[in-house]
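Per numbering that gives the first Met the number 0, the very first residue in the sequence shown carries number 0; after that it's consecutive. For glycine and all other residues, C-beta sits at the position ideal for the given N, C-alpha and C. Notes for the one structure printed next.
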Amino acid sequence: MEKFRADLLLVQRDALLTADTYCFSVEQFCLWCSSSRKKLKDVRAADILYYLSYRHSNKTSSVTMAKDISALRAMGSYLCRTKVWEENYALMIDRPKADRNLPSVLSVEQVEKLLSTIDDTSTIGKRDAALFELIYSCGLRISEACSLLVENIHMDEKIIIVRGKGSKERMVPFGDEAKIKLQNYLDVRSQLTGDKVVAQVFVNYQGKPISRKGVWKNFKQLESLSGVKSKVHTLRHSFATHLLQGGADLRTVQELLGHSDLSTTQIYTHVDDKELSDYHKKYFPGHN
């Protein structure tokens with residue numbers, strides 16, 4: 000597994016998060032092989048199908064199944080290059096079409112209620128105020144917020160340089176509210192870092208770069224205090240939806256979100272369609 004992970008990172012040039020995800024999926028497959036008394040070198044397409052059937056019987060979603068197949072294909076490629084497999088048997092398995100559920104979004108009022116819950120009188124509070132304001136106003140993924148570098152914040156221009164999936168960089172503007180909260184945090188950030196030089200903007204109480212888990216944990220507290228049911232990623236969905244509702248074109252939103260494929264961004268137009276349908280049902284009962 001260590002050699003496979005190194006191959007993903009150094010040879011295939013996959014992102015760290017992708018490598019970790021693939022390794023986790025392959026480890027689960029290897030555990031199943033072990034319990035089935037099947038050696039990895041003897042695995043064939045039929046065995047992979049049996050495994051996927053087992054996963055399906057345990058209510059695994061189509062999204063996770065598709066991810067598992069991608070991981071097994073990457074593993075198959077590695078095993079072929081290392082002469083363990085004669086061919087990549089995982090390529091014989093089709094990926095299931097993922098159910099594309101509409102993303103949950105918050106109204107502007109709900110976002111304001113959520114963010115106003117943060118007590119920004121403390122250093123940690125100032126950090127959270129800046130963190131979640133930036134996630135919303137820039138449409139950041141959690142990993143992008145965690146990895147944001149101090150040198151990539153340009154306060155005068157109100158622009159940040161974000162490193163997204165596949166190490167692709169994009170420039171994203173932020174507003175006056177985000178600038179104020181970010182400056183308030185940066186003014187007291189040294190109280191957390193002390194004498195340490197930390198490249199990442201957002202740090203934990205130990206002065207180390209904040210983790211995804213740390214962001215989730217802090218957000219759950221906000222969710223509980225505000226009464227607004229949400230997830231951190233919902234702020235990104237809300238950012239995109241509010242832009243489109245405000246008249247932004249799809250290409251602009253695509254650039255701001257860092258989507259490589261426009262079809263990924265188009266799902267937010269369906270959120271608007273759903274909202275229109277909900278309004279129609281509310282104000283025109285009996286005419287649907």
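I need the boundaries of the alpha helix (DSSP H) containing residue i, first residue and last residue.
i, result
"R235", "V231 to Q244"
"E156", "Careful: E156 lies outside any alpha helix (DSSP H) and carries neither H nor E."
"N217", "R211 to S225"
"T59", "Note, T59: premise wrong, no alpha helix (DSSP H); not H, not E."
"D6", "E1 to L9"
"V197", "First-last for V197: undefined, no H or E at that position."
"L39", "Premise fails: L39 is in no alpha helix (DSSP H) and is neither H nor E."
"R250", "L249 to L256"
"S259", "No alpha helix (DSSP H) holds S259; DSSP gives it neither H nor E."
What are the boundary residues of the beta strand (DSSP E) that residue i is part of?
i, result
"H104", "According to the sequence displayed, residue 104 carries Val and not His. Counting along the chain, V104 falls outside any beta strand (DSSP E), and DSSP gives it neither H nor E."
Enumerate in chain order the residues of its own chain whose CB-to-CB distance from residue i is below 6 angstroms, with the five nearest sequence positions on each side excluded.
i, result
"Q109", "V227"
"I134", "A144 and L234"
"G257", "G163 and R169"
"D127", "I117 and N217"
"A177", "E132, L133 and S136"
"E26", "none"
"Q11", "none"
"F238", "Y135 and G138"
"L181", "A129"
Are residue i and residue j close, meaning C-beta to C-beta below 8 angstroms?
i, j, result
"F28", "Y53", "no"
"S61", "P95", "yes"
"K157", "F131", "no"
"R211", "S142", "yes"
"L242", "T268", "no"
"T122", "L15", "no"
"V107", "L139", "no"
"H236", "V104", "yes"
"T20", "K66", "yes"
"M91", "A44", "yes"
Kindly give me the distance between the Cβ atoms of residue i and residue j, rounded to whole angstroms, as I take these residues to be in contact under 8 angstroms.
i, j, result
"Q200", "I152", "Checking the sequence, you will find Val at residue 200 rather than Gln. Sure, about 7 angstroms apart at Cβ, within 8 angstroms."
"F3", "Y77", "5 angstroms"
"G206", "V197", "6 angstroms"
"L252", "T264", "According to the sequence displayed, residue 252 carries Val and not Leu. So it is a contact: roughly 6 angstroms between Cβ atoms."
"A129", "Y88", "Actually they do not touch by this definition, with Cβ atoms about 49 angstroms apart."
"V171", "L255", "6 angstroms"
Within its chain, find whatever has a CB closer than 7 angstroms to the CB of residue i; leave out the 5 residues flanking it on each side and keep chain order.
i, result
"S225", "K112, L113 and T116"
"A18", "R4, L7 and L8"
"D46", "K37"
"K40", "V83"
"I68", "A89, I92 and R94"
"C79", "E86 and N87"
"G124", "I117 and D118"
"S146", "R162 and Q199"
"E222", "K228 and S229"
Leaving out the 5 sequence neighbours to the left and right, which residues in its chain are closer than 8 angstroms to residue i when beta-carbon positions are compared?
i, result
"E1", "none"
"S166", "A14"
"H55", "M64"
"N203", "L191, I209, S210 and G213"
"A247", "none"
"K195", "G206"
Mind checking whether the beta-carbon of residue i lies closer than 7 angstroms to any heavy atom of the ligand SAM?
i, result
"N203", "With respect to the ligand SAM, the structure shown offers nothing to examine, as it has no ligands at all."
Pick out the complete beta strand (DSSP E) segments inside the stretch 63-92, 3 residues or longer, and give them in chain order.
none
My parser needs the alpha helix (DSSP H) runs of 4 or more residues fully inside the stretch 13-37; what are they?
15-34
Report the residue ranges of all alpha helix (DSSP H) runs contained in full by the stretch 122-188; include only those spanning at least 4 residues, in chain order.
122-137, 141-146 and 175-187
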